[in-house]
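Only one structure is covered here, and it is reproduced in the block below.
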Amino acid sequence: MHEVSIAQEIIEIVKDYLPDGNGISVKSVKVDVGDFSNILPEALTFGFEVLTDNSGMKGAELIINKIPLTVNCINCNYISTLDEPLFFCKKCKSPNVEILTGTELKVTEIELND
Numbered sequence: 029m030h031e032v033s034i035a036q037e038i039i040e041i042v043k044d045y046l047p048d049g050n051g052i053s054v055k056s057v058k059v060d061v062g063d064f065s066n067i068l069p070e071a072l073t074f075g076f077e078v079l080t081d082n083s084g085m086k087g088a089e090l091i092i093n094k095i096p097l098t099v100n101c102i103n104c105n106y107i108s109t110l111d112e113p114l115f116f117c118k119k120c121k122s123p124n125v126e127i128l129t130g131t132e133l134k135v136t137e138i139e140l141n142d
C-alpha cells in the first residue's frame, strides 16, 4: 500500500508551504490523481486521514480530483479518453498513441482555516 507514503509526501509538501509558528491550520488539500497513476483514491484518503491525526493537520480534508486517461493518436491525431488501459486509437485502431493525461499526481490547492 504505497498510498500511505504518498500521503506522507503530500503532508510534507503542505507543511513546506505553511509559515512557521503562526498557528495556521489546514482546512483542505486538493490533489489531481490520474486514473493511470496506479493510486487508489480510497487508500490515499485513508493514509492521509491517519497521518494528519499525528502531524498537526488534524481534521484537514483531502479532496481528490480524478484525471481521466487520455491519449493522442500519432497516426490520425485523434484525442480520446480511455476507460481501460488498452492503448489504441478509438478512431483508427492504431496502437501508436501517446499519453496526454492520466498519470498525474500533484497538489493543486491548499485551503487554510480562518
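Taking my numbering, I'd label the letters of the sequence shown as residues 29 to 142. Ideal placement from N, C-alpha and C gives every residue a C-beta, glycine not left out. Since this is a predicted model, take the numbers as computed values, not measurements.
Query, Result
"Which residues bound the beta strand (DSSP E) around T109?", "I107 to L110"
"Suppose the cutoff is 8 Å on Cβ atoms and the five residues either side in sequence are ignored; what does the same chain contact list for T98 look like?", "I107, S108, T109, L110, I127, L128, T129 and G130"
"Whose CA, out of S65, Y45, I39 and K43, lies closest to the CA of E112?", "S65"
"Restricting to Cα atoms, I'd like to know which of Y45, G51, F74 and V57 is closest to E31.", "F74"
"With a 10 Å radius around its C-beta and 16 neighbouring C-beta atoms as the bar for buried, classify I67 as buried or exposed.", "buried"
"What separation, rounded to the nearest whole angstrom, lies between the Cα atoms of I39 and V61?", "15 Å"
"Between the C-alpha atoms of D63 and C104, what's the straight-line distance to the nearest angstrom?", "24 Å"
"How would you call I34, buried or exposed, if buried means at least 16 neighbouring beta carbons within 10 angstroms?", "buried"
"Output yes or no for whether 8 Å exceeds the beta carbon distance between K43 and I91.", "no"
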